[in-house]
Amino acid sequence: MKDAWRDCEGWRNSKLPMTSSSDDACKWFDASLTQITTMYADDEAGGVGNSFKNMMEADPDFVMGQVFVNSMKFGGSKTETEEVIKTVDSILALAAKQKVTERESKHVTALKLVTEGKLTEAIEVYRNILKDSPTDLLACLLAFFKYYELGMFNEMLDMMASVIDAYTPETPGYSTILGWKAFAHEENSQLPEAEENAYKSLAASPRETFAIHTMAHVHLEKGMHDAGLAFLQSKEKYWASCSLACHIAWHEALFHVEKGQFDLAVKVFDEKIIARGNFNDASSLLYRLAFEDVRVPQRWKGVLDLVDKFSGHHTWVYTDLHILFTLYRNGEKERANELLEGLKEYVTNNTGTNAQVTHDVGMPLCAGITAFEEGHYETATNCLNSVYSKLNRIGGSRAQRDTFVQLLLHSAIKSSNPDHKVLARTMLNQRKSDRVEDPLGDRLLMLLDSKSG
């Protein structure tokens, strides 16, 4: 086991004491945290799964270990979710029995809130932890990705700004924190700050996943597609083995789509995306290719094969929307109707954060997708535009949500309503003003002009 991984004393020295007498358990906790935050498996540790296993074998009553494992498990299949909810009560009892630290107790509370669907309340607890313990990398990790899922990027940046000064190059997680801060800047349209923090992160660790990921975003937002491709290719020796590899490959494919290199985008899909099984990335890319009249029915069938893993869980509205894309594109209208009915039932019978977002934003988007797929473009435009200003609430990055922006643009261009043509032109002019080059926007303007003549 690596000496750099912290034992009981190491965590105390980091001012993050653990209620465990097992040095091995504490070290395996650090090994797990390092692998998950950097997004690289450690061969010596045997990967995250093996690290979790060793951690809990070393101390089965390790409260923070149980919190960590179940925080990662929650949100998958329905069976896993029910299992975690049941487990939380036992963790609460164990924490009370051991009289764990206040920080550890707050972690248990946050996990309980997450299992109850109270995501914003859970984030508040994580922020409270970070106020007293700014180098608690687990709290920052969990809050960061909850902010991402909820599209709360102003709050994400505020959090990263609040913890960054507690880190030095010697602090575990330093390069990761810089990478996360870079991403938060990018999502707030602060591209110079995003670039600065990303390169600081890469100077500390040339393979830092989120710094590489952020620079893909920066190049896309600037409209610097060739430079973006060159950057990703120069870093592929690192990111190809990280757990975000499929998504970074999705960014690579987006650069090709933007440039009109559709065959190359499909090649990336075949070689780097579908084989890795990331449903949202696969569905999103094929839907964007469909806007460009690229017909790949067999590949859509491959994406359909992934649907059952997520269908009916309703843990993130962003995924449900991509399931709807996939069902329609495979001609599965009956299953699409079942999904829509299931979502209606879900928002009626649930009160959690995701249920509220699904009600407020997801359902109008579903109506817009359905109208578009049925050729009712005026209705689609009205539905999609009604929630355009709230689109961030479905989560995902600006690049990911651009699928829905492009859907609105295509609906407005195809709509017979003249006001919708004006809307499309206004949106496209703004899009072009933000980018050095915008060949995708140029193609859409040409399409708009042909429809307006």
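My numbering puts the first residue of the sequence shown at -3, with every later residue one more than the last. Just so you know, even glycine gets a beta-carbon here, dropped at the ideal spot from N, CA and C.
**Request:** Could I get the ranges of all uninterrupted alpha helix (DSSP H) runs contained in the segment 154 to 233, with 4 residues as the minimum, in chain order?
**Result:** 170 to 183, 187 to 200, 205 to 218
**Item:** Distance between Arg203 and His450 (C-alpha atoms, nearest Å)
**Value:** An answer regarding residue 450 cannot be provided, because it is not within the stretch -3 to 449 covered by the chain.
**Message:** If contacts are defined as beta-carbon pairs under 8 Å, then Asn184 and Phe149 qualify, I think. What distance do you get, rounded to the angstrom?
**Reply:** 6 Å
**Asked** How close, in whole Å, do the beta carbons of Ala21 and Gly61 come, if the pair is a contact with beta carbons under 8 Å?
**Response** 6 Å
**Request:** Could you tell me if Gln229 is buried or exposed, where buried requires 16 or more neighbouring beta carbons within 10 angstroms of its beta carbon?
**Result:** exposed
**Item:** Spatial distance of Lys177 from Ala157 (CA atoms)
**Value:** 7 Å
**Message:** Following a CB-centred definition, is Lys114 positioned closer than 7 Å to any heavy atom of the ligand SAH?
**Reply:** For the ligand SAH, the structure offers nothing, since it holds no ligand at all.
**Asked** So the alpha helix (DSSP H) Leu137 belongs to, where does it begin and stop?
**Response** 133 to 146
**Message:** Could you check whether Ile208 and Tyr170 sit closer than 8 Å to each other, using their CB atoms as the reference points?
**Reply:** no
**Prompt:** Is DSSP giving Val383 helix, strand or coil here?
**Reply:** coil
**Request:** Report buried or exposed for Arg291, applying the criterion of at least 16 other Cβ atoms within 10 angstroms of its Cβ.
**Result:** exposed
**Prompt:** Below 8 Å between beta carbons: does that hold for Cys238 and Asn274?
**Reply:** no
**Prompt:** Given that a residue counts as buried once 16 or more other Cβ atoms are within 10 Å of its Cβ, and exposed if not, what is Asp26?
**Reply:** buried
**Asked** Whole-angstrom Cβ separation of Thr131 and Gly175, contact assumed at under 8 Å?
**Response** Wrong, their Cβ atoms sit about 16 Å apart, outside the cutoff.
**Prompt:** Going by alpha carbons, who is nearest to Thr311 out of Lys82, His221, Gly113, Lys102?
**Reply:** Gly113
**Asked** From His221 to Phe141, what distance separates their C-alpha atoms?
**Response** 27 Å
**Prompt:** Quick one: what does DSSP say Thr347 is sitting in, helix, strand or coil?
**Reply:** coil
**Prompt:** Distance, Cα to Cα, Val253 vs Ala261?
**Reply:** 6 Å
**Request:** Quick one: which unbroken alpha helix (DSSP H) runs of 4-plus residues sit fully inside the segment 24 to 84? Chain order, please.
**Result:** 43 to 54, 59 to 69
**Message:** Given this structure, state the Cα-to-Cα distance separating Ala118 from His355, to the nearest angstrom.
**Reply:** 20 Å
**Request:** Check Thr377 in the structure and name its three-state DSSP category.
**Result:** helix
**Asked** Excluding sequence positions up to five away, which residues of its chain have a Cβ less than 6 Å from the Cβ of Leu151?
**Response** This sequence places Glu at residue 151; Leu is not what is there. Excluding sequence neighbours, Glu151 sits near Tyr143.
**Request:** Name the residue from Glu370, Ala286, Asn350 whose alpha carbon lies nearest to the alpha carbon of Asn388.
**Result:** Asn350
**Message:** Among the candidates Asp289, Phe265, Phe64, whose CA atom is the shortest distance from the CA of Arg295?
**Reply:** Phe265
**Message:** So for Glu288, helix, strand or coil by DSSP?
**Reply:** coil
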